[in-house]
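Novice:
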Amino acid sequence: MRAAHRTRWWMYPLAAALGVGGGAATGALEERHHVLLLGLPWFVSAMLAVFGVGVLVAAWQVRRYTTTEPRKRVQLKTITPERAVDTLILSKALALAGAVLLGWYAGELLMIVGHLQAPYYRRIAVECVIACAASLIDMVCGIIGEGFCQLPPSEGPEHPKIEQRRNGMRGERRDRGVAWKDDGDDETAAHGR
1 MRAAHRTRWW MYPLAAALGV GGGAATGALE ERHHVLLLGL PWFVSAMLAV
51 FGVGVLVAAW QVRRYTTTEP RKRVQLKTIT PERAVDTLIL SKALALAGAV
101 LLGWYAGELL MIVGHLQAPY YRRIAVECVI ACAASLIDMV CGIIGEGFCQ
151 LPPSEGPEHP KIEQRRNGMR GERRDRGVAW KDDGDDETAA HGR
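Printed below as a string of structure tokens:
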């Protein structure tokens with residue numbers, strides 16, 4: 001089974017750029033054909049922000065469970081592996097969707113800046129600013145949530161602490177029970193003379 005990797009940093013600007021293109025295309029379509037597609041009701045923006053905070057709380061619970069000592073985990077609510085993976089997937093999707101939506105509503109806003117003297121476009125501009133803020137909250141919550149779902153390094157055989165302990169013990173074992181003499185007499189001590 002392959003391990004999940006962090007979303008690359010360049011995917012967020014790419015998603016936002018694709019969103020800007022889609023938002024600008026929607027703005028151009030609105031301007032040419034007078035189709036009412038611009039903006040987003042503030043209630044939907046509020047729900048987006050609440051969803052982002054909910055995913056962040058779920059990711060924090062995963063983080064708290066995985067970083068707590070096994071003896072103290074009994075006090076916490078059990079997090080199943082399926083729930084942890086689902087939270088990771090939600091965090092990744094939320095971050096990328098937040099980036100796309102941020103670009104989308106920023107693109108719409110860029111297309112209507114020249115028409116702000118009209119009350120309709122002023123209202124749409126306010127909706128787009130609120131939607132951009134909600135999308136930014138979603139993107140940040142998703143990125144932080146993805147980091148929270150990252151497992152701490154296990155102390156397996158390749159962990160730096162284990163390596164350090166092993167190397168330290170080798171040095172101790174070499175010196176145990178052997179009466180070493182000065183540098184000049186090492187050869188006699190090694191041969192038992």
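Sequential numbering of the sequence shown, starting at 1, is according to UniProt numbering.
Just so it is clear, CB atoms sit at the ideal spot from N, CA and C, and this is done for glycine as well.
1) So, for Ile124: in the same chain, excluding its five sequence neighbours on each side, which residues have a beta-carbon less than 7 Å away from its beta-carbon?
2) The alpha helix (DSSP H) spanning Glu69 covers which residue range?
3) Within 10 Å of its beta-carbon, does Leu90 have 16 or more other beta-carbons around it, so buried, or fewer, so exposed?
4) Which first and last residues belong to the alpha helix (DSSP H) in which Lys92 is found?
5) In angstroms with no decimal places, state the Cα-to-Cα distance between Val35 and His115.
6) So the alpha helix (DSSP H) Ala131 belongs to, where does it begin and stop?
7) From the DSSP output, in three-state form, read off Pro13 for me.
8) So, are the CB atoms of Thr7 and Leu96 less than 8 Å apart?
9) Please state whether the Cβ-Cβ distance between Leu94 and Asp138 is less than 8 Å.
10) Does the stretch 129-138 touch the stretch 58-78, meaning 3 or more C-beta pairs lie closer than 8 Å?
11) Compute the Euclidean distance between the alpha carbons of Thr67 and Val50, then round it to the nearest angstrom.
12) Please tell me whether Thr87 has its Cβ less than 8 Å away from any Cβ of chain C.
13) Should Ala46 go down as buried or exposed, given a rule of 16 or more other Cβ atoms within 10 Å for buried?
14) Report the rounded CA-to-CA distance for Arg32 versus Phe148, giving the unit in angstroms.
15) Could you tell me which of Leu151, Gln150, Trp104 and Val140 sits nearest to Ala28, measuring between CA atoms?
16) Around the Cβ of Leu101, are there at least 16 other Cβ atoms within 10 angstroms (buried) or fewer (exposed)?
Specialist: This is what the structure gives:
1) So the list reads Leu38, Gly39 and Ile112, once near-sequence residues are dropped.
2) Segment: none, Glu69 is in no alpha helix (DSSP H) and carries neither H nor E.
3) Classification for Leu90: buried.
4) Bounds of the alpha helix (DSSP H) holding Lys92 are Pro81 to Ile112.
5) Using only the alpha carbons, I get a separation of about 16 Å.
6) Counting along the chain, the unbroken alpha helix (DSSP H) around Ala131 starts and ends at Pro119 to Phe148.
7) Helix, per DSSP.
8) Remark: C-beta atoms of Thr7 and Leu96 approach each other more closely than 8 Å.
9) Result yes, Cβ atoms of Leu94 and Asp138 sit closer than 8 Å.
10) When C-beta atoms of the stretch 58-78 are compared with those of the stretch 129-138, fewer than three pairs fall below 8 Å, so the two segments do not count as touching.
11) Inter-residue distance for Thr67 and Val50 is about 26 Å (C-alpha atoms, whole angstroms).
12) Absence of chain C from the displayed structure is noted, only one protein chain being present.
13) Taking all protein chains shown into account, Ala46 has fewer than 16 neighbouring C-beta atoms within 10 Å of its C-beta and is therefore exposed.
14) A straight-line Cα-Cα distance of about 45 Å links Arg32 and Phe148.
15) Of Leu151, Gln150, Trp104 and Val140, the smallest CA-CA separation from Ala28 is found for Trp104.
16) Label assigned to Leu101: buried.
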